[in-house]
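J.: There's a structure below that I have some questions on.
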Amino acid sequence: MKPDNREYYEKFDWERAKLDERLTEKINILVKSFPSDVIDVCDIGCGDGAITNKLNEHFDVVASDRSINALKFVETKKFCSSADNLPLKENSFDLIFSSEMIEHLPDDIFTNTIKEFKRVSSRYIYLTFPNDENVEKNFVKCPNCDFVFNKIYHLRNLNLKKIEKLFPEYEIIFQTPHGKLTKKYNKFFAKIKHTLVPSESWIPMRWTPDKRRSTMCPECNHSFEIPYKFNLLGFLIDSLNVIISPRIPYQQFVLLKKRNA
Numbered sequence: 279m280k281p282d283n284r285e286y287y288e289k290f291d292w293e294r295a296k297l298d299e300r301l302t303e304k305i306n307i308l309v310k311s312f313p314s315d316v317i318d319v320c321d322i323g324c325g326d327g328a329i330t331n332k333l334n335e336h337f338d339v340v341a342s343d344r345s346i347n348a349l350k351f352v353e354t355k356k357f358c359s360s361a362d363n364l365p366l367k368e369n370s371f372d373l374i375f376s377s378e379m380i381e382h383l384p385d386d387i388f389t390n391t392i393k394e395f396k397r398v399s400s401r402y403i404y405l406t407f408p409n410d411e412n413v414e415k416n417f418v419k420c421p422n423c424d425f426v427f428n429k430i431y432h433l434r435n436l437n438l439k440k441i442e443k444l445f446p447e448y449e450i451i452f453q454t455p456h457g458k459l460t461k462k463y464n465k466f467f468a469k470i471k472h473t474l475v476p477s478e479s480w481i482p483m484r485w486t487p488d489k490r491r492s493t494m495c496p497e498c499n500h501s502f503e504i505p506y507k508f509n510l511l512g513f514l515i516d517s518l519n520v521i522i523s524p525r526i527p528y529q530q531f532v533l534l535k536k537r538n539a
């Protein structure tokens, strides 16, 4: 598992990430599902604050991200920090919130981040993440150094069972899948495809449109547009996957409460 790349997040066009209808719907679900006794919230890995700024209308929110560029758009109290080493006291906040962040973390940072969430939260931890995602589905190969990686830097699969194992001292008090129905990708098919099909035929245009085909290699920092060239074998493998794999909502929301808290 390759460590993530800080430069990628500093170069990311955060100004482009606007509050759209789907994100507004997500925020509405979040606000309605927050426990009634929550007053203060710490949003870890807040990005540009699109969610943070709205949550701050309902709660006393402090935001954290390691990207200085992203924090420029955050309108709440904020600080720059890596999630695995938070400059906060134990039990500092009623609720720790983190949306679409933990799937990006390398193993060592991931493990320490979970520990930090538990340390800083006095009662609740609220997570959203890709719902049982097969990260291999969105593998690309760098044309400069041949390094293979997930195009949006997702490093791990997460689901409810894994969350329960990560947080045995917590109970799930709310969970719901949410978002656009997305076709899962069979791991065996993905392995065959990435072995036998040229890398320029891995990501069809129907999966990722032109405006979202930019990425940067975490190995050599080479920025490039993800190419696509039709390949019959790749097309057949994708078609078989359509037949056998289900569609599921893209995201999973999980609200955890500390036992005996």
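First residue of the sequence shown? That's 279 in our numbering, and the numbers climb one at a time after it. C-beta: ideal position from N, C-alpha, C; glycine also.
Using C-beta distances below 8 Å, list every residue in its chain close to Leu438, excluding the 5 sequence neighbours before and after it, in chain order.
T.: Once the five neighbours on either side are set aside, the close Cβ partners of Leu438 are Ile450, Gln453, Gln530, Val532.
J.: Given this structure, state the Cα-to-Cα distance separating Asn363 from Ile387, to the nearest angstrom.
T.: When rounded, the distance between both Cα atoms is 9 Å.
J.: Which of the three DSSP states, helix, strand or coil, is assigned to Ser479?
T.: Helix at Ser479.
J.: Can you tell me whether DSSP reads Glu503 as helix, strand or coil?
T.: Glu503 falls in the strand class under three-state DSSP.
J.: In or out: Phe513 buried (at least 16 other Cβ within 10 Å) or exposed?
T.: Per the 10 Å Cβ criterion, exposed.
J.: Restricting to runs no shorter than 4 residues, where is the alpha helix (DSSP H) found entirely within the region 346-434?
T.: Those alpha helix (DSSP H) runs which fall completely within the region 346-434 and span 4+ residues are 346-349, 385-398.
J.: Against chain D, with Cβ distances strictly below 8 Å, would His472 count as a contact?
T.: Going by chain labels, chain D is absent from the structure shown, which holds only one protein chain.
J.: In the DSSP assignment, find the alpha helix (DSSP H) that holds Phe531 and state where it starts and stops.
T.: First-last for Phe531: 525-536, but that is the beta strand (DSSP E), not the alpha helix (DSSP H).
J.: Taking the alpha-carbon of His456 as reference, which of Asp385, Tyr528, Asp326 has the nearest alpha-carbon?
T.: Answer by Cα proximity: Tyr528.
J.: If you draw a straight line from the alpha carbon of Leu308 to that of Val319, how long is it in whole angstroms?
T.: So the two alpha carbons sit approximately 12 Å from each other.
J.: Around the C-beta of Ile392, are 16 or more other C-beta atoms found within 10 angstroms, so that it is buried, or is it exposed?
T.: Ile392 is buried by the Cβ-count criterion.
J.: Which of helix, strand or coil does DSSP assign to Lys439?
T.: Reduced to three states, the DSSP call for Lys439 is helix.
J.: What's the gap between the Cα of Ser360 and the Cα of Arg344?
T.: The straight-line gap from Cα to Cα measures roughly 5 Å.
J.: Can you check whether the CB of Leu333 is closer than 8 Å to the CB of Val340?
T.: No. Outside cutoff.
J.: Using the Cβ count rule (16 or more neighbours within 10 Å means buried), how would you classify Leu511?
T.: Exposed, by the Cβ-count rule.
J.: Specify the secondary structure class of Lys471 as computed by DSSP and reduced to three states.
T.: Note: Lys471 maps to helix in three-state DSSP.
J.: Under 6 Å Cβ to Cβ from Leu414, same chain only, skipping five residues before and after it: list those, please.
T.: The question names Leu, but residue 414 in the sequence shown is Glu. If we look at Glu414 and ignore the five residues flanking it on each side, its Cβ neighbours are Ala468.
J.: How would you call Cys324, buried or exposed, if buried means at least 16 neighbouring beta carbons within 10 angstroms?
T.: Buried, because 16 or more other Cβ atoms sit within 10 Å of the Cβ of Cys324.
J.: Are the Cβ atoms of Lys462 and Ile526 separated by less than 8 Å?
T.: Yes; because the gap between Cβ atoms is below 8 Å, this pair is in contact.
J.: What residues are listed by DSSP as bridge partners for Asp516?
T.: Asp516 pairs with nothing; no bridge assigned.
J.: Looking at C-beta atoms only, is the number of pairs between the region 362-376 and the region 441-449 that lie closer than 8 Å three or more?
T.: Contact fails: fewer than three Cβ-Cβ distances are below 8 Å.
J.: Could you check if Ala328 is buried or exposed, using at least 16 other CB atoms within 10 Å of its CB as the buried criterion?
T.: The residue in question, Ala328, is buried, as its Cβ has 16 or more Cβ neighbours within 10 Å.
J.: In terms of DSSP beta bridges, what is Ile322 paired with?
T.: Ile322 is bridged to Ser342.
J.: So which of Leu366, Leu474, Ser311 has the shortest CA-CA distance to Phe395?
T.: Phe395 has its Cα closest to that of Leu366, out of Leu366, Leu474, Ser311.
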